[in-house]
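>
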Amino acid sequence: MKVACFSTKSYDRQSFDRALTDSRHSFGYFEVKLDLHTVSLAEGHQAICSFVNDHIDEAVMKKLDNLGIKLIALRCAGYNQIDLKAAAAHGIKVVRVPAYSPEAVAEHAFALILTLSRKTHKAYNRVRENNFSLEGLTGVNIHGKTIGVIGTGAIGRAFCRIANGFGCKIVAYDVIENEEMKQMGVTYLPLAEVLASSHIISLHCPLTPETHHLINAKSIALMRDGVALINTSRGALIETKAVIKALKNKKIGYLGIDVYEQEENIFFKNLSEEIMQDEQIARLMTFPNVLVTGHQAFLTKEALEQISKTTLENITAFEKGEELANEVKAS
Ligand code: NAD
-11 MKVACFSTKS
-1 YDRQSFDRAL
9 TDSRHSFGYF
19 EVKLDLHTVS
29 LAEGHQAICS
39 FVNDHIDEAV
49 MKKLDNLGIK
59 LIALRCAGYN
69 QIDLKAAAAH
79 GIKVVRVPAY
89 SPEAVAEHAF
99 ALILTLSRKT
109 HKAYNRVREN
119 NFSLEGLTGV
129 NIHGKTIGVI
139 GTGAIGRAFC
149 RIANGFGCKI
159 VAYDVIENEE
169 MKQMGVTYLP
179 LAEVLASSHI
189 ISLHCPLTPE
199 THHLINAKSI
209 ALMRDGVALI
219 NTSRGALIET
229 KAVIKALKNK
239 KIGYLGIDVY
249 EQEENIFFKN
259 LSEEIMQDEQ
269 IARLMTFPNV
279 LVTGHQAFLT
289 KEALEQISKT
299 TLENITAFEK
309 GEELANEVKA
319 S
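Residue numbers in the sequence shown follow our numbering, run continuously in steps of one, and reach 319 at the last position.
1. Heavy atom of ligand 1 less than 6 Å from the Cβ of C193, yes or no?
2. Which residues bound the beta strand (DSSP E) around N219?
3. Who pairs with C(-7) in a beta bridge, going by DSSP?
4. Please give me, in chain order, every unbroken run of the alpha helix (DSSP H) with length at least 4 that falls completely inside the stretch 45 to 119.
5. Round the Cβ separation of S89 and Q294 to the nearest angstrom and send it over; I've been treating them as touching at under 8 Å.
6. What's the C-alpha gap between K206 and T126?
7. Would a check of beta-carbon distances place Y161 closer than 7 Å to chain D?
8. Cβ of R222 versus every heavy atom of ligand 1: is any distance shorter than 6 Å?
9. Please work out which residues of its chain come closer than 6 Å, Cβ to Cβ, to F4, disregarding the five sequence neighbours upstream and downstream, and give them in chain order.
10. In chain order, which continuous runs of the alpha helix (DSSP H) of length 4 or greater are located wholly inside the stretch 124 to 197?
11. How far does the alpha helix (DSSP H) with V27 in it reach, from first residue to last?
12. Indicate, with yes or no, if ligand 1 has a heavy atom lying under 6 Å from the CB of V231.
13. Flag E198 as yes when its Cβ comes closer than 6 Å to any non-hydrogen atom of ligand 1, and as no otherwise.
14. Would the beta-carbon of E214 be found less than 6 Å away from any heavy atom of ligand 1?
15. What are the partner residues of L279, as DSSP defines its beta bridges?
16. Are the CB atoms of I57 and I218 nearer to each other than 7 Å?
17. Is the stretch 238 to 249 touching the stretch 281 to 291, taking contact as three or more C-beta pairs under 8 Å?
18. Can you tell me which of the three DSSP states I269 falls into?
19. Run through the DSSP bridge pairs and tell me what E315 is partnered with.
20. Looking only at C-alpha atoms, which of G144, R271, R106 sits nearest to N129?
21. With 16 as the cutoff for other CB atoms within 10 Å, does R84 come out buried or exposed?
22. Is the stretch 74 to 82 touching the stretch 37 to 57 in the sense that three or more CB pairs, one from each, lie closer than 8 Å?
23. Taking 7 Å as the cut-off, decide whether the C-beta atoms of I203 and I240 are in contact.
24. Within the present structure, is the beta-carbon of D5 separated from the nearest heavy atom of ligand 1 by less than 6 Å?
25. Could you tell me if G153 is buried or exposed, where buried requires 16 or more neighbouring beta carbons within 10 angstroms of its beta carbon?
26. Whole-angstrom Cβ separation of V316 and V82, contact assumed at under 8 Å?
27. Is the closest heavy atom of ligand 1 to the C-beta of A142 under 6 Å?
28. Within 6 Å: the Cβ of G139 and any heavy atom of ligand 1?
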């Protein structure tokens, strides 16, 4: 099949080109995001391949339908950016890569925790200027702390296994409890109790209408003073305004985020020569106890290989009229 690949970065192209060598499919790569202005680039293709910030709403879906696109192959796990009802109405199938490397994201979440709890982001800059003073670098142990995990799906479970290795007490909230986790010693509690008892809270649930702004002024008030908050899931799980307030009054001890509510117009771009227009991210950058990464938790060699492999398998299954194991549908 001829596939139009949107939001393409060099690393996407490299891993797909490697996977395409003995494949029946061909990819047309476009650096631009998929939206109403760029959708016409899909002309002449039968499927599109898109990523987390390609918002495919009813209007884009209609255009895709008019262009004869019958398949949207997401090269990511989350699908909150797709209007699935519109996809069904236009007869367009949507497939995703459900679990390319849960460990990649879970390890990144832990990298944020380790950096912030031991202040290695500050130490890195200091020693480069021959400043070997330890003043202000006192950290906290992770061993023995209570870690709260919201969402124990593939990534949440990988995260729990790491936390277990660190000797943490793990409490979790999920709408579906997992037996393997229980056997490992994870205690499932109501959300409010997880928030109240945790030293570190890590978010691993999807963004849905129920989880939108899960972390807000009310839920923050339930947390321990000095709580650490980590989000590698989706930006809008957190109400940024409320978190900034809690950082200012020291309710939140540190914040590590790989995703941001308004990331769409910021992340995946080099804006180093521009004036930052987003006041909230600009404010977040001023805190010494905040670490922001630009949606890179998935970005490992192993994950990219798995993403291209599964995406091509999804496209082949569609072309052959086989059952789509990784299809996502409107609920
Ligand atoms: P998954 O589907 O395996 O797990 C999600 C879990 O969340 C499930 O156990 C589900 O029951 C639970 N859940 C659903 N609604 C909930 C609610 N209201 N409260 C609590 N738990 C709820 O997904 P996954 O592969 O573990 O990925 C989790 C999220 O991570 C994805 O939705 C995606 O947004 C994000 N993600 C981020 C990156 C990144 O690079 N930063 C990469 C991949 C995925």
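All C-beta atoms, glycine included, are put in the ideal place defined by N, C-alpha and C.
It should be emphasised that the depicted structure is a prediction, and the values quoted were computed from it without experimental measurement.
In short, the structure shows the following:
1. For ligand 1, a non-hydrogen atom lies closer than 6 Å to the CB of C193.
2. If you look at N219, you'll find it in the beta strand (DSSP E) that goes 215 to 219.
3. Per DSSP, the beta-bridge partners of C(-7) are Y17, C37.
4. The qualifying runs are 46 to 54, 72 to 77, 90 to 106, 108 to 116.
5. S89 to Q294, Cβ: 6 Å. Contact.
6. Rounded to the nearest angstrom, the gap between the Cα atoms of K206 and T126 is 30 Å.
7. In the structure shown, chain D does not exist; there is a single protein chain.
8. Yes - ligand 1 has a heavy atom lying nearer than 6 Å to the Cβ of R222.
9. For F4, same chain residues with a beta-carbon under 6 Å away, outside a window of 5 residues either side, are F15, S296 in chain order.
10. Taking 4 residues as the minimum length, the alpha helix (DSSP H) runs contained wholly in the stretch 124 to 197 are 142 to 153, 167 to 172, 179 to 185, in order along the chain.
11. Boundaries for V27: no alpha helix (DSSP H) harbours it, and the DSSP string shows neither H nor E there.
12. False, no ligand heavy atom lies under 6 Å from that Cβ.
13. Answer for E198: yes, Cβ within range of ligand 1.
14. Residue identity check: residue 214 is Gly in the sequence provided, not Glu. At a cut-off of 6 Å, the beta-carbon of G214 does not count as near ligand 1: no heavy atom of the ligand is closer than that.
15. Answer is G244.
16. No, these two residues do not count as a Cβ contact at 7 Å.
17. By the Cβ rule, the stretch 238 to 249 counts as touching the stretch 281 to 291, because three or more pairs are nearer than 8 Å.
18. In the displayed model, I269 falls within a helix according to three-state DSSP.
19. Residue pairing from DSSP places E315 in a beta bridge opposite V83.
20. The residue among G144, R271, R106 with its C-alpha nearest the C-alpha of N129 is R106.
21. Classification for R84: buried.
22. Segments in contact, yes.
23. By the CB criterion at 7 Å, I203 and I240 fall outside the cutoff.
24. Incorrect: D5 has no Cβ contact closer than 6 Å to ligand 1.
25. Under this definition G153 is an exposed residue.
26. Contact annotation, V316 with V82: C-beta distance approximately 5 Å; criterion of less than 8 Å satisfied.
27. Yes, ligand 1 has a heavy atom inside 6 Å of this Cβ.
28. Checking every heavy atom of ligand 1 against the Cβ of G139, one is found closer than 6 Å.
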